[in-house]
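The first sequence lines up with residues 71 to 440 when you count with the working numbering.
All C-beta atoms in this analysis are idealised placements derived from N, C-alpha and C, irrespective of residue type, glycine included.
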Amino acid sequence: MDDGDKLTKAARAKAGRIGRALLAWYDVSRRDLPWRAAPGASVDPYAVWLSEIMLQQTTVKAAIPYFKTFLRRWPSVGALASAKRDEVMSAWAGLGYYSRARNMHEAATIVARDFDGQFPDTLDELLALPGVGPYTAAAIVAIAFDGRAAVVDGNVERVLARLFALTTPMPAAKGLARQIAEQLAPSQRPGDFAQAMMDLGATVCTPKRPECGSCPLGKLCGARAAGLSAVLPYREAKRAKPQRTGQAYFAMTPDGAVLLRRRTDKGLLGGMMEVPSSGWNSATNQANGDAPIEGAWRLLPGTVRHTFTHFHLELEVYCLEPDRRARPELGPNCEGWRWVSRRDLSAEALPSLMRKVIAHALAQLDREAA
DNA sequence: AACTCGTGGCA
DNA sequence: TTGCCAAGAGT
Numbered sequence: 071m072d073d074g075d076k077l078t079k080a081a082r083a084k085a086g087r088i089g090r091a092l093l094a095w096y097d098v099s100r101r102d103l104p105w106r107a108a109p110g111a112s113v114d115p116y117a118v119w120l121s122e123i124m125l126q127q128t129t130v131k132a133a134i135p136y137f138k139t140f141l142r143r144w145p146s147v148g149a150l151a152s153a154k155r156d157e158v159m160s161a162w163a164g165l166g167y168y169s170r171a172r173n174m175h176e177a178a179t180i181v182a183r184d185f186d187g188q189f190p191d192t193l194d195e196l197l198a199l200p201g202v203g204p205y206t207a208a209a210i211v212a213i214a215f216d217g218r219a220a221v222v223d224g225n226v227e228r229v230l231a232r233l234f235a236l237t238t239p240m241p242a243a244k245g246l247a248r249q250i251a252e253q254l255a256p257s258q259r260p261g262d263f264a265q266a267m268m269d270l271g272a273t274v275c276t277p278k279r280p281e282c283g284s285c286p287l288g289k290l291c292g293a294r295a296a297g298l299s300a301v302l303p304y305r306e307a308k309r310a311k312p313q314r315t316g317q318a319y320f321a322m323t324p325d326g327a328v329l330l331r332r333r334t335d336k337g338l339l340g341g342m343m344e345v346p347s348s349g350w351n352s353a354t355n356q357a358n359g360d361a362p363i364e365g366a367w368r369l370l371p372g373t374v375r376h377t378f379t380h381f382h383l384e385l386e387v388y389c390l391e392p393d394r395r396a397r398p399e400l401g402p403n404c405e406g407w408r409w410v411s412r413r414d415l416s417a418e419a420l421p422s423l424m425r426k427v428i429a430h431a432l433a434q435l436d437r438e439a440a
């Protein structure tokens, strides 16, 4: 018998007690979140799906305003499917992981066209939708349809690693956590159970300084018994982020039009707008070889720093003030370009990095003018 | 299987 | 200031 068998047998034995204690806790401490229906009320699967996509690797606080905006602007999956993708990308700007927005729009068209606007209620059908993986499919089944499914996100992995004192470091212990979650998923109130596990992880069994004193599962917790609550789950060390550099080219005409271009769908910031930029491995001061239009570009003081998931970036910002809206070179990895009035920039699909670049350039120009 | 893919808040 | 990481999916 290996560790996995022992653990899943332990999970079966503890499952009933865990489920009862967790649901009792959830009934009194349930958080009121915008995508949650009142207790006992039915939920709109579209709203559940929308929230779950937004919550992938994203904090509740960051997702809430976007969720409200999307649901108000596109109240049904059919409405979202009918939207232009550009509008969706603009509305998503700032939330990050932009493939989510691209996949979400495509999935909406599939549900509208192939499922008559009704979300499917099986794992297999949900998994076939772009942007819906094991977690999101299970979450929709459990929360929207109250079906039994193992909902395993980062919160659940952490809670289970502590509850069952899993000392294998992450991510190697993910499979074990999933096996346990399969055993724990109840047939009664599976949606509430899933949300209770995630709420517990978000508010009590937190990554740092868990509040074990107020935990409804304290008496059942292996980590607490072993004095490991604060150190589990173990994690493998992460690689250091490399430093990359590049140049951005900010062009603005006298009437306040700024040159933007659209990145291709593939890769970082795919499908989003950008201030024309060099690649991001380039050495500094490469004589403006990547400038989108001819002219006497000048380097603005200071730089823009930004950190992505796997590297740091420092951009130099060059500036040009051409007298007309010249036609630019498209540049690599781009699909199109246009001049955008300064006051219309807020409505563009500009990721946070590019908003930083624009803010930096405008601040420097304003300083010069003063 | 390991890597890519954003952002902002927090210690 | 720097590193950590949050309701993961796609390749």
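Straight-line Cα distance separating residue j from residue i
{"i": "serine 112", "j": "alanine 214", "result": "8 Å"}
{"i": "alanine 439", "j": "tryptophan 119", "result": "49 Å"}
{"i": "arginine 228", "j": "leucine 400", "result": "46 Å"}
{"i": "arginine 142", "j": "arginine 106", "result": "15 Å"}
{"i": "glycine 201", "j": "alanine 366", "result": "44 Å"}
{"i": "alanine 264", "j": "proline 204", "result": "14 Å"}
{"i": "tyrosine 96", "j": "alanine 219", "result": "18 Å"}
{"i": "isoleucine 210", "j": "alanine 266", "result": "15 Å"}
{"i": "proline 362", "j": "proline 324", "result": "18 Å"}
{"i": "lysine 138", "j": "arginine 395", "result": "37 Å"}
{"i": "lysine 131", "j": "valine 158", "result": "20 Å"}
{"i": "glycine 337", "j": "serine 169", "result": "9 Å"}
{"i": "glycine 166", "j": "arginine 172", "result": "12 Å"}
{"i": "serine 416", "j": "methionine 424", "result": "11 Å"}
{"i": "glutamine 253", "j": "cysteine 285", "result": "21 Å"}
{"i": "glutamine 127", "j": "arginine 100", "result": "21 Å"}
{"i": "alanine 310", "j": "threonine 276", "result": "24 Å"}
{"i": "phenylalanine 140", "j": "alanine 151", "result": "12 Å"}
{"i": "alanine 247", "j": "histidine 175", "result": "31 Å"}
{"i": "alanine 198", "j": "aspartate 184", "result": "12 Å"}
{"i": "arginine 294", "j": "proline 280", "result": "10 Å"}
{"i": "valine 427", "j": "alanine 133", "result": "24 Å"}
{"i": "threonine 273", "j": "aspartate 102", "result": "13 Å"}
Residue i burial status per 10 Å Cβ neighbour count (16 or more: buried)
{"i": "threonine 206", "result": "buried"}
{"i": "histidine 430", "result": "buried"}
{"i": "valine 98", "result": "exposed"}
{"i": "arginine 232", "result": "buried"}
{"i": "asparagine 225", "result": "buried"}
{"i": "alanine 433", "result": "exposed"}
{"i": "lysine 84", "result": "buried"}
{"i": "proline 104", "result": "exposed"}
{"i": "proline 398", "result": "buried"}
{"i": "serine 347", "result": "buried"}
{"i": "methionine 71", "result": "Because the pLDDT of methionine 71 is 41, which lies under 50, any placement of that residue in the model is unreliable, and the number read from its coordinates should be weighed accordingly. The residue in question, methionine 71, is exposed, as its Cβ has fewer than 16 Cβ neighbours within 10 Å."}
{"i": "aspartate 66", "result": "Residue 66 is absent from the structure shown; the chain starts at 71 and stops at 440."}
For residue i, the nearest candidate out of the options (CA to CA)
{"i": "alanine 177", "options": "Gly164, Ala149, Gly166", "result": "Ala149"}
{"i": "proline 303", "options": "Gly292, Lys311, Arg309", "result": "Gly292"}
{"i": "lysine 308", "options": "Thr379, Leu236, Asp184", "result": "Thr379"}
{"i": "aspartate 269", "options": "Val221, Thr315, Leu246", "result": "Val221"}
{"i": "aspartate 156", "options": "Cys275, Leu423, Gly316, Met343", "result": "Met343"}
{"i": "glutamine 258", "options": "Leu383, His175, Gly89, Lys131", "result": "Gly89"}
{"i": "arginine 333", "options": "Val130, Lys311, Ala295, Arg408", "result": "Arg408"}
{"i": "glycine 406", "options": "Val374, Arg412, Gly340", "result": "Gly340"}
{"i": "proline 190", "options": "Ala296, Lys138, Arg375, Asp216", "result": "Asp216"}
{"i": "serine 422", "options": "Arg375, Ser411, Leu435", "result": "Arg375"}
{"i": "leucine 236", "options": "Pro256, Ala80, Ile180", "result": "Ala80"}
{"i": "serine 146", "options": "Gln126, Ile180, Ala321, Gly187", "result": "Gly187"}
{"i": "leucine 329", "options": "Val410, Lys278, Arg87", "result": "Val410"}
{"i": "alanine 153", "options": "Arg279, Ile134, Thr179, Thr129", "result": "Thr179"}
{"i": "threonine 129", "options": "Pro256, Arg294, Asp223", "result": "Asp223"}
{"i": "leucine 193", "options": "Ala182, Ala208, Lys244", "result": "Ala208"}
{"i": "arginine 437", "options": "Thr315, Pro371, Thr377, Val427", "result": "Pro371"}
8 Å contact criterion, which residue i and residue j should meet: CB distance rounded
{"i": "tyrosine 319", "j": "valine 345", "result": "7 Å"}
{"i": "serine 160", "j": "alanine 419", "result": "4 Å"}
{"i": "methionine 124", "j": "tyrosine 136", "result": "6 Å"}
{"i": "glutamate 386", "j": "glutamine 317", "result": "5 Å"}
{"i": "glycine 164", "j": "alanine 212", "result": "At roughly 29 Å, the Cβ-Cβ gap does not stay under 8 Å, so glycine 164 and alanine 212 are not in contact."}
{"i": "proline 239", "j": "glutamate 306", "result": "5 Å"}
{"i": "cysteine 38", "j": "arginine 368", "result": "No answer is possible for residue 38: the residues shown for the chain start at 71 and end at 440."}
{"i": "phenylalanine 234", "j": "leucine 93", "result": "Going by Cβ atoms, the distance from phenylalanine 234 to leucine 93 rounds to 19 Å, so no, they are not a contact pair."}
{"i": "alanine 321", "j": "proline 392", "result": "6 Å"}
{"i": "glutamate 384", "j": "threonine 373", "result": "5 Å"}
{"i": "arginine 331", "j": "cysteine 404", "result": "5 Å"}
{"i": "leucine 287", "j": "alanine 91", "result": "6 Å"}
{"i": "arginine 87", "j": "leucine 298", "result": "Contact flag wrong, Cβ pair sits at about 20 Å."}
{"i": "leucine 230", "j": "alanine 255", "result": "Incorrect: roughly 12 Å between the Cβ atoms, too far for contact."}
The ligand MN heavy atom lying under 7 Å from the CB of residue i
{"i": "arginine 142", "result": "Within the structure as shown, the ligand MN is missing, as the structure has no ligands at all."}
Unbroken beta strand (DSSP E) runs of length 3 or more, entirely within the segment 293-323: which are they? The qualifying runs are 313-321.
Which parts of the segment 329-404 are runs of the beta strand (DSSP E), unbroken and 3 residues or longer, counting only runs that do not cross its ends? Segments of the beta strand (DSSP E) lying fully in the segment 329-404: 368-377, 382-390.
If we require 4 or more residues per run, which alpha helix (DSSP H) segments fall completely within the segment 161-187? The segment 161-187 contains these whole alpha helix (DSSP H) runs: 169-184.
For the segment 243-295, which segments carrying the alpha helix (DSSP H) assignment without a break, of at least 4 residues, lie completely within its bounds, in sequence order? Restricted to the segment 243-295, the alpha helix (DSSP H) segments that are unbroken, complete and at least 4 residues in length are 244-254, 260-273, listed in chain order.
Could you name each continuous alpha helix (DSSP H) segment of 4 residues or more that falls completely within the segment 92-159, going from the start of the chain to the end? Listed in chain order, the complete alpha helix (DSSP H) runs (minimum 4 residues) inside the segment 92-159 are 115-124, 130-143, 147-152.
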